[in-house]
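Quick note, the sequences are listed as chains A and B, same order. Residues in the first sequence are numbered from 3 upward in steps of one, following my numbering. Residues in the second sequence are numbered from 3 upward in steps of one, following my numbering. Structure first, then comments.
There are 2 protein chains.
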Amino acid sequence: MRTVPFDGRETNHLAQQPFGQIPFLSDGDLEMFESGAGLLHLARKAESLMPRDPAGEVQTVQWTIAALNSIEMVTVPWWFLEVTGAENNGLSDWAKNRLGQLEKVLREREWLVADRFTVADLLMADVLRVAKLRSYGDRPASEAYVTRVTDRPAFKKAHADQLAHFAAADRSR
Amino acid sequence: MRTVPFDGRETNHLAQQPFGQIPFLSDGDLEMFESGAGLLHLARKAESLMPRDPAGEVQTVQWTIAALNSIEMVTVPWWFLEVTGAENNGLSDWAKNRLGQLEKVLREREWLVADRFTVADLLMADVLRVAKLRSYGDRPASEAYVTRVTDRPAFKKAHADQLAHFAAADRSR
Numbered sequence: 003m004r005t006v007p008f009d010g011r012e013t014n015h016l017a018q019q020p021f022g023q024i025p026f027l028s029d030g031d032l033e034m035f036e037s038g039a040g041l042l043h044l045a046r047k048a049e050s051l052m053p054r055d056p057a058g059e060v061q062t063v064q065w066t067i068a069a070l071n072s073i074e075m076v077t078v079p080w081w082f083l084e085v086t087g088a089e090n091n092g093l094s095d096w097a098k099n100r101l102g103q104l105e106k107v108l109r110e111r112e113w114l115v116a117d118r119f120t121v122a123d124l125l126m127a128d129v130l131r132v133a134k135l136r137s138y139g140d141r142p143a144s145e146a147y148v149t150r151v152t153d154r155p156a157f158k159k160a161h162a163d164q165l166a167h168f169a170a171a172d173r174s175r
Numbered sequence: 003m004r005t006v007p008f009d010g011r012e013t014n015h016l017a018q019q020p021f022g023q024i025p026f027l028s029d030g031d032l033e034m035f036e037s038g039a040g041l042l043h044l045a046r047k048a049e050s051l052m053p054r055d056p057a058g059e060v061q062t063v064q065w066t067i068a069a070l071n072s073i074e075m076v077t078v079p080w081w082f083l084e085v086t087g088a089e090n091n092g093l094s095d096w097a098k099n100r101l102g103q104l105e106k107v108l109r110e111r112e113w114l115v116a117d118r119f120t121v122a123d124l125l126m127a128d129v130l131r132v133a134k135l136r137s138y139g140d141r142p143a144s145e146a147y148v149t150r151v152t153d154r155p156a157f158k159k160a161h162a163d164q165l166a167h168f169a170a171a172d173r174s175r
């Protein structure tokens with residue numbers, strides 16, 4: 003893992019990432035932005051992130067895209083309006099509806115695909131674990147799901163490593 | 003192409019698509035929802051939609067996800083607030099910013115990936131061709147890009163076929 007300083011971002015980051023977002027993944031000669039693209043790239047290389055049979059692969063891609071385009075497409079703008087102090091958040095009903103539809107799915111299964119952890123769970127739990135979202139409404143199956151994914155030792159280690167990396171980068175400024 | 007009637011959607015559609023959206027793709031034994039997942043599935047089968055070299059493939063996935071998660075994630079909720087009559091659309095600055103970043107990219111190239119049409123263009127142009135979005139601000143490179151993609155004979159044929167299919171389905175109700 004590597005971070006680039008916020009100062010100088012015009013040349014060190016925006017030249018490669020037109021939307022100024024993170025993360026950015028380099029793998030040998032290959033370079034890519036978009037979390038979803040990086041995750042799908044890693045998933046193609048690691049069976050621990052995606053089953054190797056065609057149906058398992060298709061469903062993993064499907065739920066990865068659902069996290070990005072059916073859930074996050076509503077929850078991130080909803081969150082944005084919340085934190086920027088919108089008086090009436092015009093996305094509330096839509097967000098409630100989508101999260102309710104996902105709650106129904108998660109009532110019936112522990113993991114999104116093939117009864118096992120995949121990269122789709124990693125992304126979906128990351129989309130759902132936003133504090134404001136978790137405290138908005140009552141969705142016990144979704145809540146248990148977020149706990150299930152974020153309690154995995156791999157998640158805890160990655161999370162701790164990232165915070166340590168940020169702390170070290172701050173100290174060295 | 004097949005459509006299912008809106009009446010009876012609880013059993014004929016929602017059972018397979020928890021968010022009630024279209025499209026839904028069947029390919030032999032494989033079934034999937036999410037436009038992005040269906041497009042990436044087809045792209046893996048057709049070089050006309052995605053180059054076969056690793057860098058071309060990675061960039062096609064990257065720009066497909068960018069259309070879904072960096073552009074549409076802002077423009078669709080922005081559009082939703084517009085059409086539901088929000089007085090102050092709290093997503094306007096963000097939408098303007100993202101579309102401006104994309105305009106800069108499209109000033110420099112005709113197609114998003116590898117100097118040729120890919121599935122990423124198909125999706126990005128579909129995201130951008132929404133009338134309300136096109137008339138919001140002035141982005142000549144994006145406008146020329148949408149025209150370039152939607153003027154392709156394959157787009158025109160698919161569009162005409164879909165409208166004819168809807169018209170026939172309406173007549174047979």
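Each residue gets a CB set at the ideal place from its N, CA and C atoms; glycine is no exception.
For D128 (chain B), there is no enclosing beta strand (DSSP E); the residue is found in the alpha helix (DSSP H) stretching over V121 to L130. Annotation: D55 (chain B) to E84 (chain A) spans about 43 Å, alpha carbon to alpha carbon. Checking the DSSP bridge columns, you'll see R118 (chain B) partnered with B:V115.
At least one CB atom of chain A sits nearer than 8 Å to the CB of Q103 (chain B).
For W113 (chain A) and D140 (chain B), the gap between their C-alpha atoms comes out near 45 Å.
Contact between P20 (chain A) and V107 (chain B) holds, with the beta-carbon distance rounding to 5 Å and staying under 8 Å.
D172 (chain A) sits in a helix when the DSSP states are folded into three classes.
When CB distances to chain B are screened at a threshold of 8 Å, not a single residue of the segment 130-142 of chain A falls below it. For S137 (chain B), the three-state secondary structure derived from DSSP is coil. Contact between the segment 144-160 of chain B and the segment 84-96 of chain B is absent: fewer than 3 CB-CB pairs across the two stretches fall below 8 Å. For the options B:E59, B:E145, B:Q61 and B:L70, the alpha carbon positioned closest to that of Q64 (chain A) is the one of B:L70. In the DSSP assignment, D95 (chain A) forms no beta bridge with any residue. Collapsing the DSSP output to three states places M75 (chain A) in a helix. Assignment of E89 (chain B) by DSSP, reduced to helix, strand and coil, places it in the coil class.
L42 (chain A) sits buried, since 16 or more C-beta atoms from the chains shown fall within 10 Å of its C-beta. Around the beta carbon of F168 (chain A), fewer than 16 other beta carbons sit within 10 angstroms, so the residue counts as exposed. At a cut-off of 8 Å between beta-carbon atoms, S72 (chain A) makes contact with chain B. Bounds of the alpha helix (DSSP H) holding S37 (chain A) are S37 to K47. C-alpha of P7 (chain B) to C-alpha of L165 (chain B): approximately 16 Å in a straight line.
Scanning chain B for C-beta atoms nearer than 8 Å to the C-beta of H43 (chain A) yields V60 and V63, reported in chain order. Cβ neighbours of I73 (chain B) within its own chain (closer than 8 Å, five residues either side excluded): R100, L101, L104, M126, V129 and L130. A distance of 8 Å or more separates the beta carbons of P79 (chain A) and P142 (chain B). Of all residues in the segment 91-120 of chain B, the ones placed with a Cβ closer than 8 Å to any Cβ belonging to chain A are G92, L93, W96, R100, Q103, L104, K106 and V107, in chain order. As a beta-bridge residue in DSSP terms, S28 (chain B) pairs with B:E33.
The alpha-carbon separation between D117 (chain A) and S50 (chain A) amounts to approximately 13 Å.
Taken atom to atom, the span from the alpha-carbon of A57 (chain A) to that of L135 (chain B) is near 36 Å.
The closest CA to that of I67 (chain A), considering only A:E36, A:T86, A:A48 and A:D163, is found on A:E36. Under the Cβ criterion of 8 Å, G10 (chain A) is not counted among the residues facing chain B. With respect to V121 (chain B), A39 (chain B) sits apart: the two C-beta atoms are not nearer than 8 Å. D9 (chain A) and E33 (chain A) have their C-alpha atoms some 22 Å from each other. The C-beta of P56 (chain A) comes closer than 8 Å to at least one C-beta of chain B. Exposed is the label assigned to D172 (chain B), since fewer than 16 other Cβ atoms lie within 10 Å of its Cβ. Closer than 8 Å to the CB of M75 (chain B) there is at least one CB belonging to chain A.
Secondary structure note for S144 (chain B): its alpha helix (DSSP H) is the uninterrupted segment P142 to T152. If you look at G58 (chain A), you'll find it in the alpha helix (DSSP H) that goes P56 to A68. Spanning the alpha carbons of V115 (chain B) and Q18 (chain A) requires a straight line of approximately 14 Å.
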